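Residue numbers for the sequence shown follow this note's numbering, so the first one is 1042 and each next one is one higher.
In this text, a Cβ means the ideal position worked out from N, Cα and C, and glycines have one as well.
Quick caveat, the model's predicted, so the values are computed rather than measured.
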Amino acid sequence: MQSLKFNGLSSGIFVAENKGMRIITCISACFTILLFSNVFANDVKTYSLEKAKDYIDSHNPYEAIHILSKYKPASHELSLYHFIYANAYDLLKKPLDKITHLRMAYIYSQNDDTKERLLLERAETYMEIGYYSEATLIFKIFLKTFPDSTHKERVYQELADSLYRLGLFDEAIEFYEKVGDTYQALYGKANSLHAIGRIKEAHELFMTLMKKDRKYLESSQESLYNLGENFRLMGEYTAARIYFNLVNESPWKFRAYKSLGLIDKEEGQLDSAIRY
């Protein structure tokens, strides 16, 4: 009796040295190899990018990350691998981790259309979390790398908004003007003109916008304050008071209080001004 070996694997069956028993042992060995092959194939399938994508689609980022952490991507899979990772962190509300993997996905991508979308998403993610310096840089890289992009006007708008948040109002105006006459661009331009002291120009643009869509212009606390302040600087105190009194959220309400106090001071109502 002896143990039969097949490609270095033992069948685990002891057989007599006869032809019939050897056939049985060979069948057993082949079955063992087939079993191991099936298990290995299932393991690869379990830890595949497709499976990770399925978990992302079903909003289960933890399982997706579990799979990705065990998966060893081939070189041609690296961009997709990091993009799926980015989506998992997006679902987990971890934007900085998302950005890291978007960057890696961009680096490994060999497709210009894909690289374009990845770079844009990276810039917009920076915008969402208030990293305006980083967003500005990536938007500018985008415009230089993809000058003929179909997303160019969208990037002009978002770059202008980012520059506005950084206090770079003159440059913001430049990009708002490149967008054209969309309501959002004109609104951004009006705010920027107001911020650099071009009050009359800003006022004229605000009035034009109010005729087109008053609700949009009054849709945020910042815009309500800017409108009130513009009216105040134009000497239209009654209109200014209306807008300042609509501001009720920080930090804009404290600026509105200060401006209301300045109006009372200008009108000689010192006792009332002190309250603000």
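Reference residue i, options the options, closest by Cα
i	options	result
residue 1157	1170, 1169, 1143	1143
residue 1209	1226, 1233, 1195	1233
residue 1172	1140, 1185, 1186	1140
residue 1152	1176, 1133, 1119, 1235	1119
residue 1282	1299, 1193, 1107, 1095	1299
residue 1184	1197, 1174, 1175	1197
residue 1277	1264, 1161, 1098, 1307	1307
residue 1138	1163, 1182, 1293	1163
residue 1267	1108, 1302, 1229, 1253	1229
residue 1292	1168, 1263, 1132	1263
residue 994	1217, 1224, 1288	Outside the shown range of the chain, which is 1042 to 1317, sits residue 994, and nothing can be said about it.
residue 1235	1284, 1182, 1270	1270
residue 1272	1310, 1260, 1231	1231
Boundaries of the alpha helix (DSSP H) in which residue i is found, first to last residue
i	result
residue 1265	1262–1274
residue 1181	1173–1186
residue 1237	Segment: none, residue 1237 is in no alpha helix (DSSP H) and carries neither H nor E.
residue 1091	1090–1098
residue 1128	1119–1132
residue 1136	1136–1149
residue 1221	No alpha helix (DSSP H) holds residue 1221; DSSP gives it neither H nor E.
residue 1191	That residue, residue 1191, is in no alpha helix (DSSP H); it is neither H nor E in DSSP.
residue 1112	Looking at the DSSP string, residue 1112 is not in any alpha helix (DSSP H), and its letter there is neither H nor E.
Proximal residues to residue i (C-beta, below 7 Å), its chain only, five neighbours per side dropped
i	result
residue 1121	1090
residue 1192	1161
residue 1079	Caution is warranted here: a pLDDT of 40 is assigned to residue 1079, below 50, making its placement in the model unreliable, and no coordinate value can be reported.
Classification of residue i by the beta-carbon crowding that lies within 10 angstroms, buried from 16 upward
i	result
residue 1319	The displayed coordinates of the chain run from 1042 to 1317. Any statement about residue 1319 would go beyond what the structure contains.
residue 1102	buried
residue 1100	exposed
residue 1221	exposed
residue 1093	buried
residue 1286	exposed
residue 994	Nothing about residue 994 can be reported from this structure: the residues present for the chain run from 1042 to 1317 only.
residue 1255	exposed
residue 1223	exposed
residue 1176	buried
residue 1182	exposed
residue 1326	Not covered by the structure: residue 1326. The range shown for the chain is 1042 to 1317.
residue 1249	exposed
Cβ neighbours of residue i in the same chain (closer than 6 Å, five flanking residues each side left out)
i	result
residue 1048	Since pLDDT at residue 1048 reaches only 41, below the 50 mark, its modelled position is unreliable, and no value is offered.
residue 1251	1258
residue 1072	In this prediction, residue 1072 scores a pLDDT of 37, lower than 50, which makes its location untrustworthy; the coordinate-derived value is nonetheless stated afterwards. Once the five neighbours on either side are set aside, residue 1072 has no close Cβ partner at all.
residue 1288	1262, 1265, 1266, 1294, 1297
residue 1194	1220
residue 1310	none
Own chain partners of residue i with C-beta closer than 8 Å, once the 5 adjacent residues on each side are dropped
i	result
residue 1097	1105, 1125, 1128, 1129, 1132
residue 1112	1088, 1089, 1090, 1093, 1122
Notebook entry, point to check: Are the segment 1145–1156 and the segment 1123–1135 in contact at 8 Å, needing three or more beta carbon pairs?
Noted result: yes
Next item on the list: May I ask you to verify whether the segment 1212–1219 touches the segment 1240–1248, counting CB pairs closer than 8 Å and requiring at least 3?
Entry: no
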